[in-house]
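Colleague: Below is a structure I'd like to ask you about.
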DNA sequence: CTTTCTACG
DNA sequence: CGTAGAAAG
């Protein structure tokens, strides 16, 4: 049994003030992948940096207060690797992987963009260089007899069922045809990964994992499913439960994203 | 009878969220001088911009979110003038005067500085050019048979009794010998103004009007008296009450400065 | 709408 | 320590 949770915390320091630690103490996962930590380890309190009972691995961004991913594990990982080998993104705080017995788990924070901006170009460069790495990761895992799981905020909704207003968002970053096509490659023959939440819930809208803080997006469930756990087929086949932990109320929200939790048998 | 209150609000929008309007509604003054408004009129809610029963005159800084002075009057002023005629400071949001029957009341926010920085040079340039204006203001007032009152944050403690730790602050901006000497000129033959709070309370330490937000400065009354009402002698002679409205508790503080209130008979 | 940084105080 | 703007999301 392996339970993995992934959540974009939108600033770990802010999340900690609003209930993240309480959520973590009730969290039964073996591995927690965090995105948008937005802090260096030295800026975190000891309790937040290394919660009791957890090992913590961090990949901060070189730009202060930006991005940053981490992985918490109940047991010390066999290995920790930062980045995926592309110089532009090595210190961008967007990719970290840890080896656990038989499985490599990664925390990914794919850049967000805005059409017509340099940020979107960066997002596209990331996608372009990251897909070959995903392919390589799967190949390496196969050779070693391991499985791989890439969790995180991919900042792309794949299909119309993955966001509330797909029509209005066809020209918006996060649901552009080329971005959706890229995810199709990740999930198709080329990448060979399985979106385990969708695999277990093929016929529903959502479940969304992100709601804008603007307006009443959360109350109206005007969300996007942009946080995924992408597993190699062997691991995906062991998935017995996959869900998004939508907070019951706005009051207990400590991030604009919700945790995505998956149980593998 | 004329009651005038002056207070550095340290951001009028923030102050309004913390109790400024409640304080104002219990304020019996005829004139309220504000410093560090840190907003343009358009950024203020109607209630804050022009509280019921008040006329409001503003002199914002051209730099957004910086400085800014204002004067609230129960009756419409006869005239409103922004600046004191020195180009460098005309749009710096540091000086505004209004004519009321028989009296000109000004709201002043003298620059703060730090020794060895360009900010300190600016403070000194302000002092150098403002003193001649004070002299001119008094002369004009005398010719017109008027009185003048210059209220505000002068960012200088005059004497040892005007701050808690004078020894430790002798080399700090706000208590430098040259700054203290300048205030002595304002209050001496050259300027001819009267510090009305000190005139009525000659033998006490303080009363302080500013306490840093750092540490426990307010609780320990580790403050500075840097907010003054400087009056022409004729007006000062009519002063029957002069006090600093130190908040009873940290909880009811809505600024790091306290209002200075003076009653003229 | 929110977080974080920065400048200023 | 706190305010406000900016950049980012």
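Chains as they are written, first to last, in the UniProt record's numbering: chain A, 1 to 265; chain B, 1 to 265. Here a beta-carbon is modelled for each residue, glycine too, at the ideal position from N, C-alpha and C. Predicted model only: the values in this text are computed from it and were never measured.
(1) What does the Cβ neighbour count give for residue 213 of chain B, buried or exposed, with the cut at 16 atoms within 10 Å?
(2) Looking at C-beta atoms only, is the number of pairs between the region 49-60 of chain B and the region 73-88 of chain B that lie closer than 8 Å three or more?
(3) How would you write the range of the beta strand (DSSP E) that residue 227 of chain A sits in, first residue to last?
(4) What are the complete alpha helix (DSSP H) segments, minimum 4 residues, inside the region 31-108 of chain A?
(5) If we count the other Cβ atoms within 10 Å of its Cβ and call it buried at 16 or more, is residue 25 of chain B buried or exposed?
(6) Hey, out of A:120, A:101, A:175 and A:205, whose CA is closest to residue 2 of chain A's CA?
(7) Would a C-beta distance cut-off of 8 Å place residue 92 of chain B and residue 173 of chain B closer than the cut-off?
(8) Less than 8 Å between the beta carbons of residue 74 of chain B and residue 53 of chain B, yes or no?
(9) For residue 266 of chain B, is the classification buried or exposed, using 16 other Cβ atoms within 10 angstroms of its Cβ as the cut-off for buried?
(10) Mind checking which residues open and close the beta strand (DSSP E) that includes residue 162 of chain A?
(11) If you follow the beta strand (DSSP E) that residue 262 of chain B is part of, which residue opens it and which one closes it?
(12) Ordered along the chain, which non-local residues of its own chain (more than five positions away) have a Cβ less than 6 Å from that of residue 68 of chain B?
(13) Taking residue 126 of chain B as the reference, give the member of B:116, B:136, B:109 and B:139 with the closest Cα.
(14) Residue 112 of chain B by DSSP, collapsed to three states: which one?
(15) Which whole runs of the beta strand (DSSP E) in the region 130-213 of chain B are 3 residues long or more, in chain order?
(16) DSSP has residue 223 of chain A in a bridge; who is on the other side?
(17) Could you give the distance in angstroms between the alpha-carbon of residue 227 of chain B and the alpha-carbon of residue 209 of chain B?
(18) Do residue 202 of chain B and residue 244 of chain B have their C-beta atoms closer together than 8 Å?
(19) Specify, as a first and last residue, the run of the alpha helix (DSSP H) that residue 16 of chain B falls within.
(20) Residue 266 of chain B: buried (16+ other C-beta within 10 angstroms of its C-beta) or exposed?
(21) Residue 4 of chain B bridges to which residues according to DSSP?
(22) According to the Cβ coordinates, are residue 105 of chain B and residue 33 of chain B closer than 8 Å?
(23) Let me check you understand the geometry: is the CB of residue 205 of chain B closer than 7 Å to at least one non-hydrogen atom of the ligand GTP?
(24) Strictly by DSSP, which residues pair up with residue 257 of chain B?
(25) Could you check which residue in A:30, A:219, A:118 and A:235 has the C-alpha nearest to that of residue 77 of chain A?
(26) Just verifying my parser: in three-state terms, what is the DSSP assignment at residue 236 of chain A?
(27) Taking the straight line between their C-alpha atoms, what separation do you get for residue 72 of chain A and residue 35 of chain A?
(28) Just to check my reading of the structure: residue 258 of chain B and residue 7 of chain B have Cβ atoms closer than 8 Å, yes? What is that Cβ distance to the nearest angstrom?
(29) Going by DSSP, name the residue or residues bridged to residue 241 of chain B.
(30) For residue 199 of chain B, which residues from the same chain have a beta carbon less than 8 Å from its beta carbon, with the 5 sequence-adjacent residues on both sides left out?
(31) Between the region 172-187 of chain A and the region 147-164 of chain A, can you find at least three pairs of beta-carbon atoms closer than 8 Å?
(32) Look at residue 163 of chain A and residue 225 of chain A and say whether their C-beta atoms are less than 8 Å apart.
(33) Considering only the beta carbon of each residue, do residue 250 of chain A and residue 205 of chain A sit closer than 8 Å?
(34) Out of curiosity, what's the CA-to-CA distance linking residue 47 of chain A and residue 168 of chain B?
(35) Count the other CB atoms, across all protein chains shown, that sit within 10 Å of the CB of residue 64 of chain B; report buried if there are 16 or more and exposed otherwise.
Modeller: In this structure, then:
(1) exposed
(2) The answer is yes - the region 73-88 of chain B touches the region 49-60 of chain B, with three or more Cβ pairs under 8 Å.
(3) Looking at the DSSP string, the run of the beta strand (DSSP E) that includes residue 227 of chain A is 227-231.
(4) 46-49
(5) exposed
(6) A:101
(7) no
(8) yes
(9) No answer is possible for residue 266 of chain B: the residues shown for chain B start at 1 and end at 265.
(10) Taken as a continuous stretch (DSSP letters only), residue 162 of chain A belongs to no beta strand (DSSP E), as it is neither H nor E.
(11) Residue 262 of chain B -> beta strand (DSSP E) spans 260-264.
(12) 37, 38, 60, 61 and 93
(13) B:109
(14) coil
(15) Restricted to the region 130-213 of chain B, the beta strand (DSSP E) segments that are unbroken, complete and at least 3 residues in length are 147-153, listed in chain order.
(16) Answer by DSSP bridge pairing, in chain order: A:211.
(17) 6 Å
(18) No, the pair does not count as a contact, with Cβ atoms beyond the cut-off.
(19) Element bounds for residue 16 of chain B: 12-18.
(20) The first residue shown for chain B is 1 and the last is 265, placing residue 266 of chain B beyond what the model contains.
(21) B:31 and B:262
(22) Yes, the pair counts as a contact, with Cβ atoms nearer than the cut-off.
(23) Looking for the ligand GTP in the displayed structure turns up nothing, as the structure carries no ligands at all.
(24) According to DSSP, which records beta bridges pairwise, residue 257 of chain B is partnered with B:210.
(25) A:30
(26) helix
(27) 11 Å
(28) 7 Å
(29) B:263
(30) 236, 239 and 242
(31) yes
(32) yes
(33) no
(34) 38 Å
(35) Here residue 64 of chain B is exposed, its C-beta having fewer than 16 other C-beta atoms within 10 Å.
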